[in-house]
Amino acid sequence: MIIKILIGLAVLIVILLIVVALQPNDFRVERSATLAATPAVLFDNVNDHHKFNVWNPWLELDPAAKNTYSGPDSGVGAKCSWEGKETGAGSSTIIESKPGELVRFKMDWIKPMQGTSTVDFIFKPAGDKTTVTWAMYGRNNFMAKAASLVMDCEKMCGPQFEKGLAKLGAVTAANPGQSASLNLKEQ
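All residue numbers for the sequence shown refer to this note's numbering, where the first residue is 2 and numbers rise by one.
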């Protein structure tokens with residue numbers, strides 16, 4: 002009887018490992034919005050972590066999270082590390098910056114699970130407005146594949162991207178031609 006139970010458990014474990022291994026190797030979440038601001042103004046609000054955090058939707062999830070900034074204030078090499086009860090721990094580093102066109106971040110998560118991804122903000126003129134695309138993509142390691150069985154990255158991140166783009170639009174509409182206010186307390 003015990004041998005049958007052990008064989009049954011072994012078969013279930015093998016099936017689970019196969020299901021995990023068959024999950025997609027890559028992931029991508031993307032949202033776009035057309036905002037009433039110039040590419041330059043929107044770029045300025047993304048290319049600086051201090052300004053980014055004025056409209057960052059993830060901060061609403063964990064207002065007590067501690068942010069630490071290092072490197073230059075903006076552009077390539079600017080880095081923001083965070084640690085919080087709800088947001089876990091990780092860092093975001095700007096790795097590419099093309100004024101008015103693109104800001105690319107390398108995202109490194111430490112807690113609750115280690116992982117790396119790339120985040121792009123792409124700015125395309127659309128008449129007197131700008132279409133902003135926020136995309137996150139990367140490779141799924143085995144643990145990420147396993148996590149994807151119970152956590153859907155699209156459902157977790159997509160709505161946050163939509164909220165963030167709406168907040169970015171509101172910030173820039175409130176201050177046309179200017180970047181986000183820096184009335185933030187250093188945490």
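Ideal Cβ placement from N, Cα and C applies to all residues, glycine included.
- Here Asp109 is bridged, per DSSP, to Ser92 and Thr117.
- Shown here, Thr39 sits in coil according to DSSP, grouped into three states, outside any helix or strand.
- Cβ-Cβ distances below 7 Å link Met114 to Met144 and Ala148 in the same chain, with the five nearest sequence neighbours on each side left out; the list follows chain order.
- For Val55, the enclosing alpha helix (DSSP H) has its first and last residue at His50 to Trp56.
- For the pair of segments examined, the region 61–68 was found not to touch the region 38–48: the number of CB pairs separated by less than 8 Å stays below three.
- Minimum Cα-Cα distance from Ala34 among the listed residues Asp153, Lys146 and Pro126 corresponds to Pro126.
- Judged by DSSP in its simplified three-state form, Val104 adopts strand.
- Distance from Trp110 to Gly85 at the Cβ level is roughly 12 Å; contact not present, criterion being Cβ atoms closer than 8 Å.
- Membership of Gly159 in the alpha helix (DSSP H) is indicated by the continuous run Cys154 to Ala175.
- Here Ala66 carries a coil assignment [DSSP, helix/strand/coil].
- When beta bridges are read from the DSSP output, Pro126 appears opposite Thr131.
- Under the criterion of beta carbons closer than 8 Å, Asn26 and Arg105 do not qualify as touching, at roughly 21 Å.
- When Glu163, Lys80 and Asn68 are compared, the shortest CA-CA separation from Thr88 is found for Asn68.
- If the five residues before and after Glu97 are omitted, its C-beta is found closer than 8 Å to the C-beta atoms of Val77, Leu103, Val104 and Arg105, all from its own chain and listed in chain order.
- Around the C-beta of Lys52, 16 or more other C-beta atoms lie within 10 Å, and the residue is accordingly described as buried.
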